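Visitor: If you scroll down you'll find the structure; I have some questions about it.
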Amino acid sequence: EAVGPSGAWDRSDGGEDDRVKPCSYAVGDQRVENLAEGNSGEILENLRTEKLRRSNRTVEIVVAAALTVIFGVGNRVLYKLALIPLKRYPFFLAQLATFGYLIVYFSILYLRYHAGVVTDEMLSMPKGPYLVAGLLEALGAATGMAAAAILSGASIPILSQTFLVWQIILSIIFLGRRYRTNQLFGCFLVTVGVVITVASGSNAGHSLKEAGIFWSLLMIISFLFQAADTVLKEIIFLDASRKLKGRTIDLFVVNSFGSAFQAVFILALLPFLSKLWGIPFSQLPSYLRDGAACFLNFGTLTGCDGAPLLPLLFIIVNIGFNISLLHLLKISSAVVSSLASTFSVPISVYMFTLPLPYIGVASSLPTGFVAGAIILVLGLLVYAWTPSESDPNIAPTPHAPVT
């Protein structure tokens, strides 16, 4: 039996240690030992390349997650600032976001298509999944608005933590993904941390009891629709990668067509949605007209100080947040993108304690803020921790995990 290049040590008759040379013989113009050494070098080079690729992917995910957190904080803070001049027209701001983004997304898509980044093959992908994604987004918005009209602001952050739970369940069912114990425990700690951070001292439990079980369940169903939308988009990216023979579909294709179908369903639900906001459908045109005038800070309307700067800043940052969130989902997973978004919650709570313009008196930190933030960060670290010996029964995920 031939011994590989590493060889073995054996005792010679003279008592000296001699290195056993690899057996060799000629095959064509090369010797077998040379072929073995060549293959070993190639294998080592492949291992180095794969290790470098994984390291680069990890750095890419970490940077994308950090950008998502930054945009997430800006999105939450600027939304509250944008509602200061538009405090009487929040429904107008919501519709401006829905329909205004179509112009932005399709304009970017058009430019990327002519730059050669987006191909005809990407645009010819089946539109059915985008239609379902748009429907899920519209249903999530409608049910969320209905429940939010009854529930108190303190109880909504608690119920929103079911979003992460739904994502894990749906990714197990539809993606066949299995999570390690530390990942599940990490998600649990993140959820607990957010609840403690946001809801401590707010009497949220009493608020939930007063609202009743129906509205709480409706809000939970709203987060089910939203979680299903993110998992569906992850499936779209994975399927497109197979159909495009390893190439990934441009995220602006997914964003543009998904938003287009969402706008169609929002239009269909407009009478229902306007009623939820306390606006009779017959008065909706005049309401939107006044909202546009306040947004532009034009005319005789009062109380619109800060417009259009604050609403425009919110729209710009919100677009950046949506793009960064979808990019993170594309290169990692729906759960990782959700964790990054969740991490922005306690930072946003802290930001509101600072003397921000137009806010007036700054908020005080919740009593459990520090404890909740520590638990949340601990949960992220536990989720990101990779055991030295992986469980062989856990199937690899289609995306690289956060390490």
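Add 611 to a position in the sequence shown, counting from 1, and you land on the number used in the numbering used here. Backbone N, C-alpha and C fix where the C-beta goes; we use that ideal spot for every residue, glycine too. Source: prediction; values computed, not measured.
1. Would you call tyrosine 721 buried or exposed, if buried means 16 or more other Cβ atoms sit within 10 Å of its Cβ?
2. By the DSSP assignment, the alpha helix (DSSP H) with threonine 808 in it spans what residues?
3. Can you name the start and end residues of the alpha helix (DSSP H) that arginine 853 belongs to?
4. Please classify alanine 973 as buried or exposed, where buried requires at least 16 other C-beta atoms within 10 Å of its C-beta.
5. Does the Cβ of threonine 1032 have 16 or more other Cβ atoms within 10 Å, making it buried, or fewer, making it exposed?
6. Between the Cα of alanine 874 and those of Ser952, Tyr898, Gln706, Pro701, spot the shortest distance and give me the residue it belongs to.
7. What three-state label does DSSP hand proline 891 in the structure shown?
8. Along the alpha helix (DSSP H) that carries aspartate 731, what are the first and last residues, could you check?
9. Taking 8 Å as the cut-off, does the stretch 787-804 touch the stretch 843-861 (at least 3 CB pairs, one atom from each stretch)?
10. So what's phenylalanine 909 in DSSP terms, helix, strand or just coil?
11. Applying the criterion that 16 or more other CB atoms from any shown protein chain within 10 Å of the CB defines a buried residue, is serine 771 buried or exposed?
12. Grouping DSSP H, G and I as helix and E and B as strand, with all else coil, what is alanine 982?
13. With distances taken Cα to Cα, identify the nearest neighbour of arginine 789 among Gly979, Val946, Ala984, Cys905.
14. What did DSSP end up calling tyrosine 741 once you bin it into helix, strand or coil?
15. On the DSSP letters alone, give me the boundaries of the alpha helix (DSSP H) that isoleucine 877 sits inside.
16. Enumerate in chain order the residues of its own chain whose CB-to-CB distance from alanine 760 is below 6 Å, with the five nearest sequence positions on each side excluded.
17. Is serine 949 buried or exposed, if buried means 16 or more other CB atoms sit within 10 Å of its CB?
18. Excluding the five sequence neighbours on either side, which residues of its own chain have a C-beta within less than 7 Å of the C-beta of isoleucine 719, listed in chain order?
19. Considering glycine 971, what are the terminal residues of the alpha helix (DSSP H) in which it resides?
20. Taking lysine 698 as part of the alpha helix (DSSP H), name the residues at either end of that continuous run.
Guide: Reading it off the structure:
1. Position 110 of the sequence shown, counting from 1, holds the residue named residue 721. So tyrosine 721 ends up on the exposed side.
2. Stepping through the sequence shown from its first residue, residue 808 is reached at position 197. Residues 792-810.
3. For this step, residue 853 is matched to residue 242 along the sequence shown. Unbroken alpha helix (DSSP H) run through arginine 853: 824-854.
4. Here residue 973 refers to the residue found at position 362 of the sequence shown. Exposed, because fewer than 16 other Cβ atoms sit within 10 Å of the Cβ of alanine 973.
5. Absent from the structure is residue 1032, since the part of the chain shown begins at 612 and ends at 1014.
6. By one-based count along the sequence shown, residue 874 stands at place 263. Nearest of Ser952, Tyr898, Gln706, Pro701 to alanine 874, Cα basis: Gln706.
7. On the sequence shown, position 280 is the one that residue 891 refers to. Here proline 891 sits in coil by DSSP.
8. Residue mapping note: residue 731 aligns to position 120 of the sequence shown, counting from 1. Where aspartate 731 is concerned, the enclosing alpha helix (DSSP H) stretches over 731-734.
9. no
10. To locate residue 909, count along the sequence shown from 1; it is residue 298. Phenylalanine 909: coil per DSSP, three-state reduction.
11. In the sequence shown, the residue the question calls residue 771 occupies position 160. By the neighbour-count rule (16 or more Cβ atoms within 10 Å), serine 771 is buried.
12. Start at 1 with the first residue of the sequence shown, and residue 982 comes out as number 371. Helix.
13. What you label residue 789 is simply residue 178 of the sequence shown in a count that begins at 1. Nearest option by C-alpha distance: Val946.
14. Translated into the one-based positions of the sequence shown, residue 741 becomes position 130. In this structure, tyrosine 741 counts as helix in the three-state DSSP scheme.
15. Numbered from its first residue, the sequence shown carries residue 877 at position 266. Its alpha helix (DSSP H) spans residues 862-879.
16. Here residue 760 is taken as the residue at index 149 of the sequence shown, counted from 1. These residues qualify, in order along the chain: Leu887.
17. Reading the sequence shown from its first residue, position 338 is the one you call residue 949. Buried, because 16 or more other Cβ atoms sit within 10 Å of the Cβ of serine 949.
18. As a working note, residue 719 is residue 108 in the sequence shown. Excluding positions up to five away in sequence, the list reads Phe863.
19. Taking the first residue of the sequence shown as 1, we reach residue 971 at position 360. Counting along the chain, glycine 971 falls outside any alpha helix (DSSP H), and DSSP gives it neither H nor E.
20. By one-based count along the sequence shown, residue 698 stands at place 87. Segment: none, lysine 698 is in no alpha helix (DSSP H) and carries neither H nor E.
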